[in-house]
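Residue numbers (this note's numbering): 7 to 377.
Just so you know, even glycine gets a beta-carbon here, dropped at the ideal spot from N, CA and C.
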């Protein structure tokens with residue numbers, strides 16, 4: 007009874023159905039800004055209550071911060087000149103490193119730093135020989151200087167900056183850039199926050215490229231299956247709308263998209279396109295009289311919905327059961343994937359059942375689509 011009632015409503019009130027789609031799209035747009043893209047740290051893939059992970063977090067918090075980060079100070083061979091530094095332990099380099107450490111102390115998220123300069127005492131000696139003398143017999147200091155004396159390391163103690171890696175790294179790089187280095191010396195930032203920033207940038211780019219390729223592939227595939235270029239655009243719009251709705255739901259639920267899920271849009275589109283193709287394919291058969299006399303658009307859409315909603319619901323339910331089974335595992339990224347895919351498939355089904363019937367009937371009424 008519910009299926010027949012909805013099929014009748016959809017076929018008789020396409021404009022109202024389209025208005026509901028627009029309202030749902032507006033709500034999704036409002037929540038879209040809440041979607042967060044985060045870089046996935048290795049330890050976040052595992053349950054937080056594992057003894058090994060707990061021990062790792064304790065060690066990070068107590069000894070070197072929750073994230074590893076370094077400033078690598080090195081002699082750049084590309085800047086070689088007669089005035090270039092020859093030994094990374096020279097006093098001017100030591101003062102440069104000390105100035106960097108002083109600047110970084112004022113940045114939120116940096117709770118401390120360590121370099122070989124910390125073992126020189128209160129004042130940096132005036133000559134290289136004096137620096138060498140003070141560092142002699144100090145293995146801990148030597149750990150911050152490379153064997154060829156061309157590179158020195160500043161190890162930063164960083165608190166958790168997840169979610170703001172970009173701004174944090176920019177602050178650190180800006181602080182380092184405000185200090186003039188000695189001739190031939192460069193300083194670069196490395197470590198977890200930098201990796202997270204790069205991961206986000208690459209993930210965003212990958213999602214854009216895979217989404218574009220998916221759209222093109224779906225357009226070609228549906229054009230071949232439906233043998234109609236005009237009708238092939240409707241499944242594309244339907245799956246795009248369903249994906250848009252799904253990300254609105256993800257934002258509303260506060261689910262974060264990790265870098266591991268960079269290809270999730272293509273996966274949602276690949277599964278969700280089936281719903282729109284079923285409706286349009288069956289509608290074209292009803293209109294053209296494959297199962298009896300040719301029918302007018304409204305009646306053809308009513309019969310289409312009556313006959314495809316049940317198998318579509320069963321297919322969706324089976325997919326949701328499979329995805330929820332993935333969420334039973336202990337790996338966190340599997341649960342995230344299950345949640346996102348479940349929402350995506352459900353949203354694509356709802357989009358196909360609302361947008362496609364309304365779009366087909368409205369276009370027929372406006373005589374923009376002719377069979």
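By DSSP, does residue i sit in helix, in strand, or in coil?
i	result
residue 75	strand
residue 96	coil
residue 254	helix
residue 249	helix
residue 158	strand
residue 378	Nothing can be reported for residue 378, as the shown portion of the chain is limited to 7 through 377.
residue 370	helix
residue 87	coil
residue 356	helix
residue 184	coil
residue 333	coil
residue 15	helix
residue 34	helix
residue 378	Because the chain is modelled from 7 through 377, residue 378 falls outside the range shown and cannot be assessed.
residue 361	helix
residue 296	coil
residue 172	helix
residue 133	coil
residue 177	helix
residue 318	helix
residue 128	coil
residue 437	Residue 437 cannot be examined here, being either before or after the span of the chain that is shown, 7 to 377.
residue 342	helix
residue 7	coil
residue 82	coil
residue 5	One cannot answer for residue 5 here, as it falls past the ends of the chain, which runs 7 to 377.
residue 142	coil
residue 21	helix
residue 65	Only weak support exists for where residue 65 lies, its pLDDT of 49 falling under 50; the coordinates are left without a value.
residue 26	helix
Between the Cα of residue i and those of the options, spot the shortest distance and give me the residue it belongs to.
i	options	result
residue 38	298, 317, 250	250
residue 360	159, 289, 20	20
residue 322	341, 284, 309	284
residue 362	319, 245, 137, 275	245
residue 356	243, 270, 367	243
residue 124	184, 33, 151	151
residue 10	366, 257, 365, 311	311
residue 279	133, 248, 35, 110	248
residue 258	16, 17, 25, 30	30
residue 110	333, 304, 14, 180	180
residue 275	222, 333, 289	222
residue 369	12, 24, 15, 7	24
residue 12	341, 316, 332, 348	316
residue 341	164, 262, 302, 320	262
residue 304	371, 34, 93	371
residue 164	196, 91, 320	196
residue 2	256, 367, 154	Summary: the structure shown does not reach residue 2, with the chain confined to residues 7 through 377, and so no result is reported for it.
residue 286	366, 333, 172, 297	366
residue 92	117, 76, 157, 36	157
residue 105	182, 87, 90, 122	182
residue 115	319, 300, 75, 346	75
residue 121	334, 147, 34	147
With DSSP as the reference, identify every bridge partner of residue i, one or two as the case may be.
i	result
residue 405	Residue 405 cannot be examined here, being either before or after the span of the chain that is shown, 7 to 377.
Using a Cβ-Cβ cut-off of 8 Å, state whether residue i counts as contacting chain C.
i	result
residue 189	Any reference to chain C falls outside this structure, which holds one protein chain only.
Less than 7 Å separating the Cβ of residue i from some heavy atom of the ligand FAD?
i	result
residue 108	In terms of ligand content, the structure shown is empty, and the ligand FAD therefore cannot be addressed.
Just checking my contact of residue i with residue j at CB under 8 Å: how many whole Å lie between their CB atoms?
i	j	result
residue 178	residue 103	Between residue 103 and residue 178 the Cβ distance is about 14 Å, and since that is not below 8 Å, they are no contact.
residue 240	residue 282	6 Å
residue 130	residue 149	Not a contact, Cβ separation roughly 19 Å.
residue 119	residue 159	10 Å between Cβ atoms; not a contact.
residue 313	residue 288	7 Å
residue 134	residue 107	Residue 134 to residue 107, Cβ: 20 Å. No contact.
residue 41	residue 253	6 Å
residue 272	residue 27	Not a contact, Cβ separation roughly 23 Å.
residue 332	residue 270	Wrong, their Cβ atoms sit about 13 Å apart, outside the cutoff.
Next item on the list: Report yes or no: do three or more beta-carbon pairs, one from the segment 349-365 and one from the segment 318-333, lie closer than 8 Å?
Entry: yes
Next item on the list: Pair every Cβ in the segment 137-151 with every Cβ in the segment 176-192, then say whether three or more of these pairs are closer than 8 Å.
Entry: no
Notebook entry, point to check: Do the segment 290-300 and the segment 79-92 touch if we need at least three Cβ pairs shorter than 8 Å?
Noted result: no
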